[in-house]
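These notes are about the structure you will find just below.
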Amino acid sequence: MNHNIKTIEKKLNKLEKDLLETKELLNQTKQTALHQGTFHVFSYFNHSLKLSKNTGNPNLYIFGSFLIRNIGEQNLNRPYICLKMNHTKNISFSGKISPEDLLDRAFSPLPMQTWYYIDEKAELLAHKKGEYWLQPLQFQQLPAGQSLSFANFMIRLDQTKLDSTFKVEGAVFGDELEEGLPALNKIQVNIS
1 MNHNIKTIEK KLNKLEKDLL ETKELLNQTK QTALHQGTFH VFSYFNHSLK LSKNTGNPNL
61 YIFGSFLIRN IGEQNLNRPY ICLKMNHTKN ISFSGKISPE DLLDRAFSPL PMQTWYYIDE
121 KAELLAHKKG EYWLQPLQFQ QLPAGQSLSF ANFMIRLDQT KLDSTFKVEG AVFGDELEEG
181 LPALNKIQVN IS
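Numbering (UniProt numbering), first residue to last: 1 to 192.
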């Protein structure tokens with residue numbers, strides 16, 4: 001019991017340290033953008049984990065959103081994102097993603113924007129490699145001072161079938177970010 005408390009305390013300390021580092025990086029990023037008065041976009045994950053109290057349920061759930069903020073003075077044209085998972089088996093990923101042929105461009109309930117795969121290859125990559133290349137339905141541009149989010153996605157992991165760390169990394173792309181810009185943080189679950 002005492003060992004478990006120490007382990008949890010270590011993990012909490014690590015999370016607090018990571019949070020402080022992320023906040024510091026974000027503050028530095030904001031200050032740089034303000035001084036330069038130019039194009040500046042950043043992205044990050046906001047997420048939570050849910051474990052079942054039922055010991056017979058091996059599933060772990062990750063509920064999250066991927067947020068993109070433009071704090072610069074220029075617009076980001078044709079924004080799109082990549083969410084990359086390091087495992088694809090025994091994982092279920094769901095979110096507000098529609099196949100392009102089923103899209104109703106006249107209707108998308110905000111603030112939960114509808115996203116779609118950037119092309120047919122992207123949909124195959126999602127299932128084979130765990131790479132989700134998505135673009136927003138209603139936003140061809142992320143204006144300066146505005147935000148965009150791929151909100152309320154869910155990942156279900158079967159803990160009994162994963163024997164290592166599970167990670168989700170993200171990046172934002174656009175006409176001005178052809179090489180992509182990695183998110184400030186990632187989702188990481190250590191399973192042991």
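Beta carbons: idealized from backbone N, C-alpha and C, even for Gly.
- Could you check the C-alpha separation between H35 and L142 for me, to the nearest Å? By 1-based counting over the sequence shown, the position of residue 35 is 35. By 1-based counting over the sequence shown, the position of residue 142 is 142. With a pLDDT of 49 at H35, under the threshold of 50, the predicted position of this residue should be treated as unreliable, though the coordinate-derived value follows. Cα to Cα, the separation comes out at about 21 Å.
- Going by C-alpha distance, which of G145, I91, K6 and T22 is nearest P182? Against the sequence shown, residue 182 aligns to sequence position 182. Minimum Cα distance to P182 is reached at T22.
- Message: Could you check whether the segment 147-156 touches the segment 117-128, counting it as contact only if at least three pairs of C-beta atoms, one from each stretch, sit closer than 8 Å?
- Response: no
- Message: Bridge partners for L67 per DSSP, in chain order?
- Response: The count along the sequence shown starts at 1 and reaches residue 67 at position 67. DSSP lists Y44 and S149 as partners of L67.
- Query: With C-beta atoms as the reference, is F166 less than 8 Å away from H40?
  - Reply: Position 166 of the sequence shown, counted from the first residue, corresponds to residue 166. Position 40 of the sequence shown, counted from the first residue, corresponds to residue 40. Against a cut-off of 8 Å, the Cβ pair of H40 and F166 comes out as no contact.
- Check each candidate in E16, S92 and A171 and name the one with the smallest Cα separation from D158. Reading the sequence shown from its first residue, position 158 is the one you call residue 158. That would be S92, whose Cα lies nearest to the Cα of D158.
- Starting from the Cα of F173, find the closest Cα among T55, Q28, L19 and N75 and give me that residue. Counting from 1 along the sequence shown, the entry for residue 173 is found at position 173. Out of T55, Q28, L19 and N75, N75 has the C-alpha closest to the C-alpha of F173.
- Item | Closest by C-alpha distance to N46, when choosing among N185, S192 and N190 | Taking the sequence shown and counting its residues from 1, one reaches residue 46 at position 46. Nearest C-alpha to N46: N185.
- Pick out whichever of L20, L51 and R69 has its Cα sitting closest to the Cα of Y44. The count along the sequence shown starts at 1 and reaches residue 44 at position 44. Out of L20, L51 and R69, R69 has the C-alpha closest to the C-alpha of Y44.
- Establish whether the CB of D119 and some CB of chain D are separated by less than 8 Å. Looking for chain D here will not work: only one protein chain is present.
- Message: Distance check for N190 and residue 214, CA to CA, integer angstroms please.
- Response: Summary: the structure shown does not reach residue 214, with the chain confined to residues 1 through 192, and so no result is reported for it.
- Cβ distance (whole Å) where Y117 is taken to contact L137 below 8 Å: If you number the sequence shown from 1, residue 117 lands on position 117. If you number the sequence shown from 1, residue 137 lands on position 137. The pair is not a contact, with the Cβ atoms about 11 Å apart (cut-off 8 Å).
- Message: Within the continuous alpha helix (DSSP H) that includes E73, where are the two ends?
- Response: The count along the sequence shown starts at 1 and reaches residue 73 at position 73. Segment: none, E73 is in no alpha helix (DSSP H) and carries neither H nor E.
- Task: Spatial neighbours of P58 within its chain, please: CB distance less than 6 Å, with the 5 preceding and 5 following residues excluded, ordered by chain position.
- Result: As a position in the sequence shown, residue 58 is number 58, starting the count at 1. The residues are D158, Q159 and T160.
- Item | Nearest-angstrom Cα separation, counted from N4 out to K11 | The sequence position of residue 11 within the sequence shown is 11, counting from 1. The sequence position of residue 4 within the sequence shown is 4, counting from 1. About 11 Å.
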